[in-house]
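These protein sequence lines map, in sequence, to chains A and B.
Just so you know, the working numbering puts 126 at position 13 of the first sequence, and the rest follows in order with no gaps.
Just so you know, the working numbering puts 1514 at position 111 of the second sequence, and the rest follows in order with no gaps.
One structure is given below, encoded as structure tokens.
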Amino acid sequence: MSDPQAPQKTINVLTVGMDSRKQAIFRMAFKMHTLHHYRLLDDQPAGPPHLAIFDFDRPDADAAWQDFRREHPTLPTLIVTVEAPAQPPAPVLLKPIRVETLFPRLRQLLTGGEAAPDAPSQLPRPGQAPAPAVDAPAQPAAETRSAAEARPAPPRPMATGTAWPERIEYFDPRQGLLGALLQARRTRTPCVISLAGSKALIVLPELDRAIALVDEHQLQAACLNDASAVSSQPLTAEDTANAEPINLTALTWQVALWSARGRLIAGFPDQAPIRLRHWPNLTRLAPVRDGIRIAAFWSRAPANLRLTVRMLGLPAEDVFSFLAASYSIGILDSSLLKGTDRTGREPAAAAAVATSMPAQQAGAPTPSAAATERTGFLSRLLRKVAGL
Amino acid sequence: MKRLDNKIIFTGPVGAGKTTAIGSISDIPPIKTDAAASDMTLHRKSHTTVALDYGVLNLDGGAKVHLYGTPGQERFDFMWDILSTGGIGLILLLDNSRPNPMKDMQFFMNAFKDFLREAPLVIGVTKTDVKPSPSVKHYAEILARVDQRPPIFEIDGRNREDVKNLVMALLFSIDPGLEG
């Protein structure tokens, strides 16, 4: 699969049901976009279309759609419309169309990524079977470099309207190496953690330090196996090491990421409001993709997992990994977790959090031109900084 | 809606690394405006030096984002309001090796309190290798007591990735839904 960020050859776009005025709008948008070279097929009919944009706002939309599909049964297609049909046959982008939403959708279509329709229901793209429930081990959602090598994972273009997974994988943070670390931190007891009978870590919670007696790969390997034999004994005078101490918080964060691997903490209610007591020290912690974005969201106002995934348009696995890491270093606001709002209601405060794209998708009033301009400017600044 | 003047303000005490941080991400070498200035009416001094740092980020389409480093000396606080008006946000750099960096934090947050009513704050703590305490966690917990949760990161102003993280945190604090 091609890298959606990499410049590519010309992408031929077939428009369906559009007059010249509507096509002109897309033509202008394509000219402004420099990352990919999109071209209206009507302008220069060369080669087959790579994707289509279908205007559904016409009286005979259903019949036209059937005709179109007969001719192009598998062509990735984006439906544009003022009001999404109840059962849209393809991903939908609601009008008014904004370039900030258009191009991420087109990229999703090109890469075969999730392109959930704006409308409530989701349908597979043509020629694509519904996604099966995931039985295979989840892929590591976060990069597993050491904290010392940590670099911010670049924010990805938002996959707005990301679906909540049909099936969720869970893990138990009380088990294994992570469990031993959490126990040591909780009891503030200096200890030695052994893996399969061999001493692996000296943990000094009071100093927020640890000394690794094995290399990083062995620690990671222990986290990959939920059934690893991990034991912990109190530190004795005989337990010494010459290795340089490392930061225990950073180690715990890393071990949590290795252990979670995109899985959700067992028993964590998906409707529980989440808020961070404070930001994690992200410049000194192993990167989690879109960690800054999630931290910003959870620092503003409480939001449950479903709302977070929906509002930020991130894969749930990344959110679960960030949750596990945040939980492990103790920055989740536990007062909210013990609260009463586990009934499925979305915290009003979080629902009111203003983010740029989701508000559009929810059918909210179109923001003012000034607001749109501001968001566009900040997005350009973000792209610039991320690309430095 | 608040008008934005396409500028990000770097502030903090003298020696916190403002110039270095600006230089890490600026598209031009940071410009330092050392100039003689009179503040006799305030401090009965004949001369002093004003140091204003300036850098720039050039965006697609010709737009620019100006990076201003405020003079760290308190006696130039009259400039802070002028500089910050209309800014996108405030990046406060704290030198952990100073005698009381926690007090520095409170001072600068108070000095910019009007600006911070409308704009986000991000805190970068420098020189933690020289003096690890207070920890970033300690700063954060102090702020959380007054229901403030700005991003607080350990940074090295010479490290572009660290400074990038500060700016990205600033932007996502404005809108976590921003697209990169």
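Don't be surprised by glycine CBs; every beta carbon is placed ideally from N, CA and C.
Residue i touches chain B at which residues, Cβ-Cβ below 8 Å?
i, result
"tryptophan 277 (chain A)", "Within chain B, no residue comes near tryptophan 277 (chain A); the closest Cβ sits about 18 Å away, beyond 8 Å."
"histidine 391 (chain A)", "Lys1540, Ala1543, Glu1544, Leu1546, Ala1547, Arg1552, Ile1555"
"threonine 488 (chain A)", "Asp1578, Leu1581"
"asparagine 394 (chain A)", "Val1539, Lys1540, Ile1555, Phe1556, Glu1557"
Please report how far the alpha carbon of residue i lies from the alpha carbon of residue j, in whole angstroms.
i, j, result
"alanine 414 (chain A)", "arginine 1552 (chain B)", "10 Å"
"tyrosine 283 (chain A)", "glutamine 331 (chain A)", "23 Å"
"proline 286 (chain A)", "serine 439 (chain A)", "12 Å"
"glycine 1472 (chain B)", "methionine 1512 (chain B)", "15 Å"
"arginine 419 (chain A)", "isoleucine 166 (chain A)", "29 Å"
"proline 278 (chain A)", "aspartate 156 (chain A)", "40 Å"
"glycine 489 (chain A)", "phenylalanine 216 (chain A)", "13 Å"
"glutamine 179 (chain A)", "glycine 380 (chain A)", "45 Å"
"isoleucine 1412 (chain B)", "proline 162 (chain A)", "47 Å"
"leucine 308 (chain A)", "leucine 290 (chain A)", "8 Å"
"leucine 389 (chain A)", "alanine 408 (chain A)", "7 Å"
"leucine 127 (chain A)", "proline 202 (chain A)", "17 Å"
"glycine 457 (chain A)", "phenylalanine 1515 (chain B)", "Note that glycine 457 (chain A) scores a pLDDT of 41, beneath 50, so its modelled location is shaky; the value from the coordinates is reported in the next line. Whole-angstrom Cα-Cα distance: 40 Å."
"methionine 424 (chain A)", "arginine 376 (chain A)", "20 Å"
"leucine 326 (chain A)", "isoleucine 359 (chain A)", "11 Å"
"lysine 1567 (chain B)", "alanine 1419 (chain B)", "17 Å"
"tyrosine 511 (chain A)", "phenylalanine 143 (chain A)", "Residue 511 (chain A) lies beyond the stretch modelled for chain A, which goes from 114 to 501, so this question has no answer here."
"alanine 1569 (chain B)", "leucine 348 (chain A)", "The displayed chain sequence assigns leucine, not alanine, to residue 1569 (chain B). C-alpha separation (whole angstroms): 39 Å."
"proline 1502 (chain B)", "valine 1549 (chain B)", "23 Å"
"threonine 365 (chain A)", "glutamine 384 (chain A)", "25 Å"
"valine 205 (chain A)", "alanine 174 (chain A)", "14 Å"
"aspartate 1507 (chain B)", "leucine 491 (chain A)", "29 Å"
"tyrosine 1457 (chain B)", "alanine 197 (chain A)", "49 Å"
"arginine 1563 (chain B)", "histidine 185 (chain A)", "48 Å"
"proline 239 (chain A)", "isoleucine 192 (chain A)", "Unreliable placement is indicated for proline 239 (chain A), whose pLDDT of 32 sits below 50; the coordinate value is still reported in the next sentence. If I take the Cα positions, the gap works out to 13 Å."
In chain B, what lies closer than 7 Å to residue i by C-beta?
i, result
"arginine 217 (chain A)", "It is worth fixing the name first, because residue 217 (chain A) is proline in this sequence and not arginine. Those within 7 Å of proline 217 (chain A) in chain B are Glu1582."
"arginine 397 (chain A)", "Glu1557"
Name the residue from the options whose alpha carbon lies nearest to the alpha carbon of residue i.
i, options, result
"arginine 1520 (chain B)", "B:Ala1424, B:Thr1473, B:Gly1465, B:Gly1490", "B:Gly1490"
"methionine 1571 (chain B)", "B:Val1525, B:Val1539, B:Val1533", "B:Val1525"
"phenylalanine 1575 (chain B)", "A:Leu377, A:Gln346, A:Ala309, A:Phe410", "A:Phe410"
"serine 311 (chain A)", "A:Gly443, A:Asp352, A:Ser448, A:Ala165", "A:Asp352"
"asparagine 1409 (chain B)", "B:Ala1419, B:Asp1484, B:Asn1568, B:Thr1488", "B:Thr1488"
"leucine 337 (chain A)", "A:Ala385, A:Asp173, A:Arg423, A:Ser372", "A:Ser372"
"proline 1579 (chain B)", "A:Pro400, A:Ser412, A:Val368", "A:Ser412"
"asparagine 1499 (chain B)", "B:Glu1557, B:Glu1564, B:Ser1429, B:Ile1577", "B:Glu1557"
"alanine 159 (chain A)", "A:Thr123, A:Ser344, A:Ala399, A:Arg374", "A:Thr123"
"leucine 436 (chain A)", "A:Ser448, A:Gly426, A:Gly404", "A:Gly404"
"arginine 218 (chain A)", "A:Ala199, A:Cys304, A:Pro189, A:Gln200", "A:Pro189"
"asparagine 355 (chain A)", "A:Val498, A:Leu314, A:Ser341", "A:Leu314"
"serine 441 (chain A)", "A:Ala199, A:Leu361, A:Gly426", "A:Leu361"
"alanine 297 (chain A)", "A:Gln288, A:Asn394, A:Ser345", "A:Ser345"
"threonine 224 (chain A)", "A:Asp132, A:Ala276, A:Leu164, A:Asp168", "A:Leu164"
"glycine 426 (chain A)", "A:Thr194, A:Ala199, A:Ala276, A:Leu207", "A:Ala276"
List the residues of chain A whose Cβ lies closer than 7 Å to the Cβ of residue i, in chain order.
i, result
"arginine 1561 (chain B)", "Here the premise fails: no neighbours, minimum Cβ distance about 13 Å."
"leucine 1495 (chain B)", "Within 7 Å Cβ-Cβ: nothing; leucine 1495 (chain B) doesn't reach chain A, min ~14 Å."
Mind pulling the chain B residues with CB within less than 9 Å of residue i?
i, result
"phenylalanine 410 (chain A)", "Phe1575, Pro1579, Gly1580"
"arginine 298 (chain A)", "Within 9 Å Cβ-Cβ: nothing; arginine 298 (chain A) doesn't reach chain B, min ~13 Å."
"leucine 425 (chain A)", "Pro1579, Gly1580"
Go to residue i, then tell me how far its alpha helix (DSSP H) extends in each direction, as first and last residue.
i, result
"isoleucine 210 (chain A)", "Unbroken run through isoleucine 210 (chain A): none, as it is neither H nor E."
"serine 1576 (chain B)", "1563-1577"
"isoleucine 1428 (chain B)", "1421-1428"
"phenylalanine 1666 (chain B)", "Residue 1666 (chain B) falls outside the range modelled here, since chain B spans only 1404 to 1583, and no answer is possible."
"phenylalanine 1510 (chain B)", "1504-1514"
"glutamate 184 (chain A)", "174-184"
"isoleucine 1485 (chain B)", "1480-1487"
"glutamate 329 (chain A)", "329-337"
"glycine 1473 (chain B)", "The question names glycine, but residue 1473 (chain B) is threonine in the sequence shown. Here threonine 1473 (chain B) belongs to no alpha helix (DSSP H), and DSSP marks it neither H nor E."
"threonine 421 (chain A)", "418-425"
Taking the continuous beta strand (DSSP E) assigned at residue i, which residues delimit it?
i, result
"alanine 325 (chain A)", "322-325"
"aspartate 168 (chain A)", "164-168"
"arginine 66 (chain A)", "Past the edges of chain A, shown from 114 to 501, lies residue 66 (chain A), and the structure says nothing about it."
"glutamate 1557 (chain B)", "1555-1557"
"proline 300 (chain A)", "Checking the sequence shown, residue 300 (chain A) turns out to be threonine, not proline. That residue, threonine 300 (chain A), is in no beta strand (DSSP E); its alpha helix (DSSP H) goes 289-300."
Check the Cβ of residue i against every Cβ in chain A and list those closer than 9 Å, keeping chain order.
i, result
"phenylalanine 1466 (chain B)", "Per the sequence shown, residue 1466 (chain B) should be read as alanine rather than phenylalanine. Within 9 Å Cβ-Cβ: Phe490, Arg493, Leu494."
"aspartate 1463 (chain B)", "Thr147, Arg493, Arg496, Lys497"
"leucine 1460 (chain B)", "Leu494, Lys497, Val498, Leu501"
Which chain A residues sit within Cβ distance under 8 Å of residue i?
i, result
"lysine 1567 (chain B)", "Pro265, Val498, Ala499, Leu501"
"isoleucine 1428 (chain B)", "Val498, Leu501"
Item checked: In chain order, each alpha helix (DSSP H) run of at least 4 residues that lies wholly inside the segment 363-387 of chain A -> No alpha helix (DSSP H) of 4 residues or more sits fully in the segment 363-387 of chain A.
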